[in-house]
Each structure stands twice: as C-alpha cells, then as structure tokens.
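A.B. asks:
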Amino acid sequence: MFADVLIILVKVVLTLTWTLLLALFLTWVERKESAVMQDRIGANRASVFGLRLFGLFQPFADAIKMLFKEDFAPTFSQRALHWLAPTLSFFFVAVTMVAVPFGDAIHLFGRTIPLQVVDLNAALLFVLAMLSLGIYGILVSGWASSNRFALIGSLRGAAQLISYEVALGLSLVGLIMVFPTLRLSGIVEFQGGLVFGFLPKWGVFLQPLGFAVFFLAGMAETKRVPFDMPEGESEIIGFYTEYGGLKFGLFMFTDFLEVIVLSALATTLFFGGWQVPWLGAGGFVFPWGGSLKVAPWAVTVLQVLAFNIKVFFFCWLQVLTRWTYPRFRYDQLMDFGWKVLVPLGVVNILATGFILAAR
Amino acid sequence: MLKGWLVLRELLRGAAITGRHFFANMTFHTLKLFGIRAKRRGAVTIQYPEERKALSPRHRSLHRLRAREDGKPSCVACMLCVTVCPSECLSVEAAEDDDPEIQKTPARFVVDLNRCCFCGFCVEACPVDAIRMDTGEIRLAASTRAGLEISLDKR
Amino acid sequence: MSEDAVRLIPADEGSWRLEAYLRRGGYEAARKAVMSMAPADVITEVRKAGLRGRGGAGFPAGLKWSFVPQGGAGPKYLCVNADEGEPGTFKDRAILVRNPHQLIEGMTIAAFGVGIRKAFIYVRGEYGRIAGRLREAIAEAEDEGFLGGGIFGSGFDLEVIVHLGAGAYICGEETALLESIEGRRGQPRLKPPFPAVVGLFRAPTAINNVETLANVPLIIGRGADWFLGRGLPKDGGTRLFGVSGAVRRPGLYELPMGTQLRTIIEIHAGGPPEGVAIKAVIPGGLSAPALRPDELDVTMDFDALARAGSMLGSAGIIVIGDKIPILDVLKVMARFYAHESCGQCTPCRIGTSWIHKTVMRIGEGQGRASDLDHILRLADGMKGRTLCPMGDAAALPVQALVTKFRDELEKAVAR
Amino acid sequence: MSEVKMVGLTIDGRTVRAAEGTNVLQAAEQAGISIPHFCYHPAFEAEGNCRLCLVEIEGLPKLDSACSTVVREGMIVRTSTAPVLEARKDVLEFLLAEHPLDCPICDKAGECKLQDYYDRHGLFPGWFLEAKEKRQKKISIGKGLLLDRERCILCTRCVRYLRKVTGTGELGVFERGVRAEVGTYDDAPIDNNYSGNLVDICPVGAITDTDFRFKTRAWFLEKRPTVCPRCSRGCAVIVESVSGYPLEEGERRVFRIRAGENPAVNGYWICDFGRAGRRDIDEGRQERVIKSASPESELSWQKALADVMARIRSVPGPERAAKVAVILNSRMTREELTLAKRLFAEGLSLDKIFFADPKPGAADGFLLTEERVPNARGVLQAGFSPRLPDLDALAASVEVLLVFGSHLLDHFSEEAVSRALAKIPSKFLFSAHTGPLDRLAEIVFPLAVSAEKSGTYINIDGLRQSFGRAAEPAPGVVSEHEILGCLAAGLGLNVGEHDVR
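Residue numbers (my numbering), protein chains in the order written: chain A, 23 to 381; chain B, 55 to 209; chain C, 2 to 416; chain D, -14 to 486.
(1) Go ahead and pull the three-state DSSP assignment for C/I96.
(2) When you check each C-beta in the segment 430 to 445 of chain D against every C-beta of chain B, which residues fall closer than 7 Å?
(3) Quick one: grab the DSSP three-state call for A/N169.
(4) Beta-carbon separation of C/P101 and C/A62 under 8 Å?
(5) For C/E348 and D/G33, I'd like the C-alpha separation in whole angstroms.
(6) Measuring only between beta-carbons, confirm whether C/C80 sits less than 8 Å from chain D.
(7) Near D/D194, which residues of its chain fall below 8 Å by C-beta distance, leaving aside the five closest residues on each side in sequence?
(8) Closer than 8 Å is the cut-off here; do at least three beta carbon pairs connect the segment 240 to 259 of chain C with the segment 313 to 325 of chain C?
(9) Three-state secondary structure (DSSP) at A/P81?
(10) DSSP three-state call for B/T84: helix, strand or coil?
(11) If contact means a Cβ-Cβ distance below 8 Å, which residues of the segment 351 to 366 of chain C contact chain D?
(12) Once DSSP output is grouped into helix, strand and coil, what is the label at B/Q157?
(13) Going by beta-carbon coordinates alone, are C/G222 and C/A30 separated by less than 8 Å?
(14) Excluding the 5 residues flanking A/M274 on each side, which residues of the same chain have their C-beta closer than 6 Å to its C-beta?
(15) According to DSSP, simplified to helix, strand and coil, what is B/A148?
(16) Any contact of the segment 101 to 109 of chain A with the segment 165 to 180 of chain A, i.e. 3+ C-beta pairs under 8 Å?
(17) With a threshold of 8 Å between beta carbons, is D/G259 in contact with chain C?
(18) Out of D/T211, D/R270 and D/P174, point me to the one whose CA is closest to D/G453's CA.
(19) Between the segment 180 to 194 of chain B and chain D, which residues of the former have CB atoms less than 7 Å from a CB of the latter, in chain order?
(20) In the structure shown, what three-state DSSP assignment does A/N330 receive?
(21) Could you work out which residue in B/R169, B/E104, B/R118 and B/I156 is closest to B/D124 when comparing CA atoms only?
(22) Determine the contact status of D/T169 and D/E160, defining contact as a CB-CB distance below 8 Å.
(23) Under the rule that 16 or more other beta-carbon atoms within 10 Å means buried, what is B/R118, buried or exposed?
(24) For D/R486, which three-state DSSP category applies?
(25) Got a sec, what are the start and stop residues for the beta strand (DSSP E) A/H16 sits in?
(26) Is there a Cβ of chain D sitting closer than 8 Å to that of B/V164, yes or no?
(27) If the cut is a Cβ gap below 8 Å, which residues of chain A does B/F76 touch?
(28) Mind checking who D/V385 pairs with in its DSSP beta bridge?
(29) List the residues of chain A whose Cβ lies closer than 8 Å to the Cβ of B/H83, in chain order.
(30) DSSP on D/T441, reduced to helix/strand/coil?
(31) Does D/D349 come within less than 8 Å of chain C when only Cβ atoms are used?
(32) Taking Cβ-Cβ distances shorter than 7 Å, what residues in chain D pair up with C/Q345?
(33) According to DSSP, what are the bridge partners of B/D166?
(34) Would you please state the rounded distance, in angstroms, between the beta carbons of A/A116 and A/Y186? I believe it to be under 8 Å.
(35) Specify, as a first and last residue, the run of the beta strand (DSSP E) that D/I338 falls within.
(36) What does D/W112 touch in chain C if you count any residue whose Cβ is under 8 Å from its own?
Structural data, given as structure tokens:
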C-alpha cells in the first residue's frame, strides 16, 4: 500500500517536473524558434558564471524575475478571486497531464507500473472536462480585475473556448467510435497495431479529418496567436491586464502548459502516444519482413523517447504556427469555429459511422 | 469553398516560408556551432553594445556646430534654425564678435534634446552650414532633463 | 581777316584780346541786339537760324530760351556750360582760349533776349588757366562797358561770374552743373521740372554750351538766313569737329554742318597714317556709339547720325586704328564711366562699375563665355533707366562696341 | 478749408482719383497697387535715385519713376508690364550686386525691403560674378547708431531726413560712383533727439541700433500699436515684443519701440526719449507683491488688497475724509482716473487727493513736450485739480495713505518722505517700478505700465487717443483699473465700472 502511494507520488513529481521543465524550456524554444524563423538570434544573454548556453538560462532568469516582482492587485479588484484565477487556470491544465501515458507499463521489482500517473478508465472525458474548466480561470481573472479590458478579454476567451470546445468534442467522437476504449493507455496500446499490414494504426491514419479538427480546435483552446482573442495584446491586452509578477507568470506558464498538454494529447490520441512504429515488446517487426531484437529496457527508453519526440514536434509546430500567422478577426474566429470546424467534426462522425457500418 | 482552399493554400505557403527560414537558419547555426561555414550569418541581429551598425552618412545624430579656423563656432546666430525648428528645442542668443567681418556669434547655443525630434530642418535652414547632425552620436541619455540640454557652442 | 570774323576759332595774332576781337567786328551784334532789337526778336532770330545746342543733345537753343518765363520779378540766370569733360572733345577749350569775347558777346545777346541779369560760366576744373584768360576777357569787356552795368549805355545789366568746377564729368550734365554752382555735390536733379523753369537757386535758368553761345553773335550780326546757309536747312551753322586718334593731322576743324564723316577724316585730317587702317570711328565724343569703317559715309549732323545709330554729341571724332585692340578701347571706356558716375542712382552707379569689373577681368584673361552677353544685358539695364542721360551715355557706346566688334572681343574672352 | 482738387487717372486699368500734386506712387498706393521703392519716403520730396519705382506712363518714350511723376488728368500708368518688371529685376540685381549677403547677421532681415523685393521681383539666379566692393562695416555714427556701408544702397533717406526733418544735416554722401558712401562730416557724431528714426527709415540694414542689435530677429516680433506715455504729445508708437518661443517660458521682452504713423500728432517720427521707453516696460519692474511684514512669502494682490480694504474700513466713515489720503499720478488712463474720482472723491468722500508726477523736462521744439506724463489733460477732464501733497500736513493727520506711482521723490527728498511716512500708520504703494519708496511702504503692489494695458490718454492738444494692450503684461502685475475696481467692490461702493469713459 505504502509502496503504491510512493509510486504514485514519485510519478506525480516526475510528471509535474517534466511538464514544468518542458514548459520552461518551451519559453526558451518559443523565443529561439521565433528568432531563428525571423533571421534573428533571440535571447542569448542570460548567463551563469559567463556560461550562456544559447540563452538557456533565460527562462530561469524570467522565473526569478517574476517571483521577485511586486505582487500587485488593483484597488477595486476582488483580492481573493484575483489570486484564485491564475491558480485555477494553472491547476486545471496541469492536472490534465495525470491521465497521459508516457510509455508502456514497466515491470519493476515485480510490480507492473504504468508510466502514467493514473490510468483513468474515462480519461478522455476527464481530459475534456479539465480543459473546459480552465475557462473559469480566465473568466474569474477578467471579473476580479475590475477592469473593462480584462473583462472584455475574459468574455472573449469564454466565448472562444466554449465555441471551440464543441469542435474539440466532436473531433474526438469519431475517435471514440474507432477506438474500443476511453482509457488513454488503452488508446495508445490499440494504436500499436497495423492497418493494411504496414501502417501503424495511429489515430491520425484512422481519423485524419478528426485530427485536423482536433488540432485546430486545440490550438484555439490554447488561446495563442492566431487565436489570441482573449489576450489581443495589440488591442485590449486581455484578461490579464491587471496581472503582474508571479500571477502573470502563472498565466503565461499556463499558456505554455496548454501547448504541452495539447501536444501530449495529440500524440496520445492520434500519433500513437509512446508507440514506436513496428516496435513491439520484443523488438522491431518490420512490415517488409525481418525483425530487430531490442532489450526490454531499451524498448521502454525508446517508447518514452518516442513520446517526447512527438510531443516536441507538436510543440514546435505550434510555435511555428504562432509565429507564422496573424491574428484572426473575431468574426473570422467564430466563423472558423462554428462554420468550419463544427461541420467538419460532424462530417467526420458521419463518415466514420458510414465506414464502420459498411465494414 | 474555393476561397477556403485558397486560404488553406496561402496558410500552407506561409508556414512553408517560416519553416524554410527556420530550417535554413537552424542548419547554419548548427554548422556554425561546429565551426563549419562560420562566416555565414544566420541572423541579422546586431549584438548592440559590442557590435555597432555603421551609420549612413545621411543619418541624423547629435548636432554639432562647425568651427571656424580659429576654433570659434562658424554659427552667426541668425536664428533661422530657431525659426524653422518645429519642436521649439533650439535656444540661441547672439553676441558681438570683435571681428567686423563676423560681427555676430552665438553667446549661447543650446539644443534641448528632450524636445528635439531630429528632423534636421535646422541643418537645412542654416545659411552658413554651421549646424550639422553628423556627429554619429546616437547614444543620448541623461539622468536629468537638464542633462539633455546641450550647449553646442561650448563643446 | 574777313574770314576770321566768321570763324569761331580765329587765326589772327592775339585773337583773344579785345582789340583783336573788335578788329574782327566784335560786339557789333551785341550792340545791335541791345540797342535796336526787342528781346523777343532776338529769340525769334535765333530760332529761325536753327541753332542746335552744341553740347551734345542738339536741342534748339532758341526754343530752350523760349521756355524760360518772360518777365517776372524773380531773378533768372544764364549758365554757360564750359565743363567740357567728354573724352575726345576739345572744341570749347579752343573757343575759350582763342575767342573768349565771342562767347561773352553771345552771352550778352542771350541774356538780353531772355531777360537775365546774371550769368555763370561753369568751367571744368582742369581748365584753371583758361578760366584766368576768361576772367581777363570779362574784365576787358567790363572796362569797355560791354558787360556789367548799363551795357552800351542802355539800361541792360549783365554780371558774369566764372565758376571753376572740381573736375567731375557729371557736372557737364546741366542739372548737376547747377547743383555744383549752388555749392552742393554735383549730382543731377530730377527732371521735370526743367532748369528753364526751376533751375539755379530755384530760379528759371538758361543753360547753353560755349560753342552754342559763340555762334549767337554770328546769327544776330549777319542774320539767320546767312547762318542757315552755312549749314543745313534745319541745322544751321558750322561745327567744330575735333579729330583725334589714328589720323595724320589731328586737330580741330570748323566745317559746315552735314560734312561727310569720311571727308573729315580722309581729306581734312589726312586719313590714317601709313600702314594703319581704320577699325572704328567714334563720331561724337566717347559717349557716341562707334561706327565701323563701312559706316563712315554719313553726314555729320544730328539727324543723320541718329539715323546711323550713333550721335553727333560734342563732335569729337575719335579714329581708332587697327593696331588698337577693341578690348583696350572698351577698358578705357568702362574705366572712364565707372570713375565718373556720380553714384546717385542705382543703375549707373553699379552698372558702370560692374561693366568695368567685367571688362577688366576679361583683360586679365579671366573671361567667361557669358561675359559679353552680360555686358550687353547690363547696358540694357542701365539704358533709359537712369536719372540723367549719363546712363545712356555709358551704356550705348559699350553696347555698340560689343555688338559691332563681337568677334574680336570673343577672341579676347576666350584667350 | 480749401477744396482739394482731385485728378482722375488710370493705373493698371483701374480708375484712380488722387489729390492734385500727389505723385503716381502715392496714387497707386491709395488704389491698393504697391509699387516697390527704396528712396521715396512720403515725408520728403522724391529724389528718384533708386530707380526701382519705374513705371510705364503712356505717351512717354521711357519708363519713368513713379515717385517723381506728379499725377495728371487722364494719365495712363502701367505698373506691371513686362518692361517694368524687367526694369525692376535689373535694378534689384544692380542693388544686390554690391550688397553683402549679410542677411543672417543683419538685424533688418525679415523686414528688409531689399529682401522682400528681391524675393518677389528678383532675378533668379543672379549673374554678378565680380568681387564686391569692400567697405567699412560697423561704423559708429553716434547715439548708438551703427552704419554698415556695404549694406547701404544709397537711397539717401537718412541724409534727407536729417536735412529736411531735423534740420541738423549730420549725414552726407561722400565720394562718387560705386565708391559713394554715406558718412558724417569730419566724423562728427549724429546728435539729435530724433536719430532713432534713421533706423526706421533705412530700407535695408545699413543703419542699425545698438539697443536692438542681435537681440532677436525681426520675424519673432509681435508688433502692436499704442500711445507713447513719456510726454504729453501722445505720439503713436509700435511696441515690438516677443512673448513665446524662442524666449524662455514665462518671459516677455519688449525689444524695441518704433514710430507709429499718426499724421495728426507725430507724422512718421518719434523722439529718442520716447523710443527709450522700452526700458520702462522691461527694466526695473516691480515683479510681485511685497509685504514688509513677511517679505519672502508669495502673496496674491487680491489677498494683499484685502489688507488695504481692512485698513480703510477700520477708519470710521466720517473720519475718512481727513484720515485717508491718496496720491495719484497723470500716467493713469482717463478710465482709471474716472474710477479713482468715483471711488475716492465721491464714494469715500476723501479730501486729500493729491498728484505726484515726474518732474517736467525741457521741450525740444518738435515733438517732445515739457510735461513728462501722457495724461495731464485727462486728469483735469476727470474733475481733479492736481496738487502736490504737503508732507508735514499729511504726516500729521493721515492714518491710511495710498500712493500710486513712485514720483514723490521727484519733488521731495528721500529723507523728507521717509520722515513723513514714518508717522503714517498704514501706507500702501502701487508702483510699476522698484524704487526707494518700496521699503517705506507696508505693501507694494506691482502695477502694469501703459503698454500693458488699454485705455485713453488726452494729449497736450486735447486729442483723445484710445489704445489697446501693446505687450503681454509681465507675470504678476495688475492694472490700476483692476485695483480700483476691486477696492470699490470690496468697500461696497457702486462706481459704475461700465461707463467710466
């Protein structure tokens, strides 16, 4: 029993650390990637004992700065809610990560330890629920700030997130129809199979349209450019107008966490999670014949690495997107959500249904 | 529908451009890191305090008064610069010069950089080509407002 | 002897003495006028004689006198312009030296005709010694009762004062002359009012050239018709032609009005010396536009020369030989006018100096291609825009030289 | 009054009627056609030496100068035909050829006729390639006047002014041709009380004034007319001041006073004494309310005036006539005097109303009068009979003394005044300038000078002349009008402020 708790605790700590470090790292990636895209150099001055490391210490410097900044709340704001909002945002996004499997279950000291904090049996619903709850952080922040720009930002955010939630949900329905389970570990395992004998049975190949809708709606959920209506820094500043220091940092951090969560979910649901193509428990079995034996520990390492690489890729993709496109106009945003993504989601469900029925 | 596809096409083109830049630059950065093709710049950023961009000869920087051969400013305090200055930042007081060929010389020639908008009108207005904005001095900062009121005749 | 009597420059011994003049029949005309003629008749006679002013402008003398208001209580003056400053002209000097009494007699007649009691002879500063001879002559005439109070025993008085100028060319201009007599800076006055109405000391004033007045006794003594017979129908009398420059016999020739210029140069003055050809002729003092050798078949009278684009002026003929560069002539001319401009009005003051500077620069070999056009334009800028005729006097000859000898000057500029 | 005969002529196609004897230039000006000119000045006879006003007159073979041509019936004048413009161009080119390009250092720049005309009619580009004549610059010709011979265009306005107007004839033209120059005879300096006008009439910057030299540029000046307060002639003057950029904020400086045009009083001229009135406006001014009890504190005049009112109120009504005294002056405007009359003589029924004016000076026989106050007639018209106070009597009985102006010291020794004032419990000084009286008064109020206020003066010939504010008031000063109005309101007296004229 004690061991179970300990294992869970260790997994929580590892997951959280991984997520947070990745988020921190992502702030650096965001800066560096955008810089490289734009023929710039990017932040490279933060140094520890003269060691610059391409500005890798920048996130830490930022974090320290945020921590030491004055904790400020406007006079007319509602203090408690003002504090609560970033915490809520952060919490609901961070908590999503508990359901994501990092790798296949490992066998250690006679125990089967799933590389996943909790293996919820309705994890997909849990993830959707947690992501939806994140809206509260935004709403509360806008309300608590007692600032009309913040309020406008938060209401925009609420409208946007709820709208895209629909598309997000619809895109997953097809997946649920295809996959036999809602359990994320089950979904990942299911994706270990092959279609047509050679193609990994990844969600993206089964549900290409579903993936497109999911990823686009997911990006809208992260509230980042080109979907940054709630923030709109060049027009209304947004729901965190009245936030500074650590609280602002939390919001920022939440943004990056959302990127990671979206990448992790996209990986898990559509790109086979920790699955490496043609890699089974015993090693690679290539569809064109032949196999490669791999030690079990190496399999686990490869799987965790595969998961990370996939997550990285999606993070990179999102950053690329964010630095490529300009912001939507609000009506375009709503049009895109309701007139493009939602119908596509429905079409996807219908098509999936037809195909399943036809088979 | 067509419009939708066009948009999609443009979106993909945009991503292709940024992506191309990313990969190209990333390659160069990486190569440079390993000392290969180190001369090729991957980025246009100038590392400001250590590196300086060369100023264009037409660049308008801090004003100066040209000097006569004997070191006195060649300004004759005609106040045309004062007249033309749109931000009213120039303040000139004239004094008598002993040389009857010069007669008029500035006793005070102050430019208030707090107000100056570096339009260069003063340079264009000057009938004796006394004021110029070619010092190349662009790092103009002071901790007080008075510190930015610069006497050009005393420099 | 009888020939001398009708010549302005008599050749007899001591011709300037009173007794010599009396021998030539002097003062008879004055006596006739004062004793037996009405003043108005004197003027009419002179008008009939077609005597045109010998100073330069050629304004009929009688007409000029008739502008002076007759009668009136205030003083009137007669001024004799003996300020012979025009380069190339030396006729008045000859009269003053050789025949001063004829001038005095002419003055007496003119003063009687116009009703003047006081006359001034304005002698240029350089003629200081001649002024002494003039004063002697006046004293002689006064002693004989030909001048002063009660002339010839009549009630007519005339006081003559010799006024020595300070040597300014501009004082040959009649209003500047008046200013100078009044003791002020010799600067021309605005016209109108003309001196005949408002002149010396703001009184009506008749101003005549020495040669003009010296002709008057001949008109009164021998009649207008006789006088006209010696010249042209509208331009009576003889004229003193001073010839200088590239001729064998330079000098003063008294010839009838309307003598051919070529005749004067070739026959009377003997033509150019051996090996010299005529390049240009200035027919009437420096201010007259020069003539090219092919333009010499012109009669020397006011109207004919005006038609030829020049003027008779003071009839000082300057013959320029082909050894003289035109630029040198231009230099002398420009220097003279720049030096002599009074400085009163803008175009002349600065125009003359500007032309001078440009010409001198060309002389130094610093000429620019545009210089000749500039000079022409400058002359245009002065012509007709100055306060007194000196602007024209300075502009026209320069213009004529530059246009007529442009080829040569262009070579000088290009050098 | 003899009827002026009018002559009809045509100028530029416009039918113009002008009085007989006027010249074409004036007639054109009356018709609103301006003909450029330098040497002509309406105050003297035409001289026609600048040759700029050449116009085409039908029937004349050449262009003629408009300034010297008298109008004739039926004359047809053209002022802007090609030959006229050509002549102007040439004349301006001639003038500029020997004129230094001194504009940057020339005080006249901005109001220089040569600049203006060349800008409008000039030949661009010029074709003077020769060396300009070198001449003397900056020659002192007396009374703070500087002559720059290079700038001189020999219009001889100055020479003629000194001959025809002042009759002193200090200047003459020397040399001839291009070397001609204006100068004083044997270097004897110009010394007459009207020399400042030379600067005004010089069309270029050949004669400048050391008092104005290099202080500012002409185009910064704000020019407003007023009436000269320095003597009882009441000449029209123009006060030229700068109150904004390029001066420091809050500064207002009067740079010069020039002659205004008023044919009824001064023609085109003012005396140097009046011209020096610039100093009255800018120098030695009382800048703030000074209270001897608390010398350092900033006090508004309204607050300080409350003290004055309290002191007057503390004297019982019936005793005021004897115990409150006022000393006024004849520099106050007619309106202020009426207000003073209603307030002090009628409202407060004061007996002791005195006048202390500056001491009379010598008249110069032209414009300057003996009285050195502008409104002595106004004082009489307001119903005052001005008399000097008897200091001993004043000291004996008066408890509150209001002194307007600081000219008591012109009539009494400082010692006598201070002895007398020492015996008076409350004395208040209202003065535009600082002076020895300041320390004797309980409160000193800074007053506006006449250039800073509007009003009416009545001159020595009884001519009423109203004037407006000619210069922005110095910060903190207050006019007598405001003081008196405020006193009347505070003391509850109706003085009918709206009909003080």
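Just so you know, even glycine gets a beta-carbon here, dropped at the ideal spot from N, CA and C.
C.D. replies: In brief:
(1) Numbered from its first residue, the third sequence carries residue 96 of chain C at position 95. In this structure, C/I96 counts as helix in the three-state DSSP scheme.
(2) none
(3) Taking the first sequence and counting its residues from 1, one reaches residue 169 of chain A at position 147. In the structure shown, A/N169 sits in coil (DSSP, three-state: anything other than H, G, I, E or B).
(4) Working through the third sequence from its first residue, we reach residue 101 of chain C at position 100. Working through the third sequence from its first residue, we reach residue 62 of chain C at position 61. No, these two residues do not count as a Cβ contact at 8 Å.
(5) Looking up residue 348 of chain C in the third sequence gives position 347. Looking up residue 33 of chain D in the fourth sequence gives position 48. Note that residue 348 of chain C corresponds to Pro in the displayed sequence, not to Glu. The straight-line gap from Cα to Cα measures roughly 12 Å.
(6) Residue mapping note: residue 80 of chain C aligns to position 79 of the third sequence, counting from 1. Closer than 8 Å: no.
(7) Against the fourth sequence, residue 194 of chain D aligns to sequence position 209. The answer, listed in chain order, is D92, G129, L130, L131, G181, V184 and R241.
(8) yes
(9) The residue you call residue 81 of chain A lines up with position 59 of the first sequence. Three-state result, A/P81: helix.
(10) Sequence index remark: in the second sequence, residue 84 of chain B carries index 30 (1-based). B/T84 falls in the helix class under three-state DSSP.
(11) I351, G352, T353, S354, W355, K358, T359 and R362
(12) Your numbering for residue 157 of chain B matches position 103 in the second sequence. Note: B/Q157 maps to coil in three-state DSSP.
(13) Taking the third sequence and counting its residues from 1, one reaches residue 222 of chain C at position 221. Taking the third sequence and counting its residues from 1, one reaches residue 30 of chain C at position 29. A contact, by the Cβ cut-off of 8 Å.
(14) In the first sequence, the residue the question calls residue 274 of chain A occupies position 252. For A/M274, where only same-chain residues beyond five positions count, there are no Cβ hits under 6 Å.
(15) One-based indexing of the second sequence puts residue 148 of chain B at position 94. Strand, per DSSP.
(16) yes
(17) Here the question's residue 259 of chain D lines up with position 274 in the fourth sequence. For D/G259, the answer is no, since every Cβ of chain C falls outside 8 Å of its Cβ.
(18) For the purposes of this step, residue 453 of chain D is taken as residue 468 along the fourth sequence, with counting starting at 1. Closest option to D/G453, Cα to Cα, is D/T211.
(19) P181 and V182
(20) On the first sequence, position 308 is the one that residue 330 of chain A refers to. A/N330 falls in the helix class under three-state DSSP.
(21) Translated into the one-based positions of the second sequence, residue 124 of chain B becomes position 70. Nearest option by C-alpha distance: B/I156.
(22) The residue labelled residue 169 of chain D in the question sits at position 184 within the fourth sequence. The residue labelled residue 160 of chain D in the question sits at position 175 within the fourth sequence. Cβ atoms of D/T169 and D/E160: not closer than 8 Å.
(23) Here residue 118 of chain B refers to the residue found at position 64 when the second sequence is read from its first residue. Buried, because 16 or more other Cβ atoms sit within 10 Å of the Cβ of B/R118.
(24) Mapped onto the fourth sequence, residue 486 of chain D falls at position 501. Legend: pLDDT at D/R486 = 45, less than 50; position of this residue unreliable, value from coordinates given subsequently. Three-state result, D/R486: coil.
(25) Because chain A here runs from 23 to 381, residue 16 of chain A falls outside it and cannot be looked at.
(26) Your numbering for residue 164 of chain B matches position 110 in the second sequence. Closer than 8 Å: no.
(27) Position 22 of the second sequence, counted from the first residue, corresponds to residue 76 of chain B. Residues of chain A passing the Cβ test: E55, V58, M59 and L342.
(28) By 1-based counting over the fourth sequence, the position of residue 385 of chain D is 400. Note: D/V385 sits in a beta bridge opposite D/V309 and D/S411.
(29) For this step, residue 83 of chain B is matched to residue 29 along the second sequence. Per Cβ cutoff of 8 Å: V58.
(30) For this step, residue 441 of chain D is matched to residue 456 along the fourth sequence. Strand.
(31) Within the fourth sequence, residue 349 of chain D is the residue found at index 364, counting from 1. Not closer than 8 Å to any Cβ of chain C, the Cβ of D/D349 fails to qualify, so no.
(32) Here residue 345 of chain C refers to the residue found at position 344 when the third sequence is read from its first residue. Under the 7 Å cutoff, chain D gives N34.
(33) Along the second sequence, one-based indexing puts residue 166 of chain B at 112. The partner list for B/D166 (beta bridge, DSSP) reads B/E203.
(34) Reading the first sequence from its first residue, position 94 is the one you call residue 116 of chain A. Reading the first sequence from its first residue, position 164 is the one you call residue 186 of chain A. Going by Cβ atoms, the distance from A/A116 to A/Y186 rounds to 20 Å, so no, they are not a contact pair.
(35) Residue mapping note: residue 338 of chain D aligns to position 353 of the fourth sequence, counting from 1. D/I338 -> beta strand (DSSP E) spans K337 to F340.
(36) Locating residue 112 of chain D in the fourth sequence gives position 127, where the first residue counts as 1. Those are S371, H375 and R378, listed as they occur along chain C.
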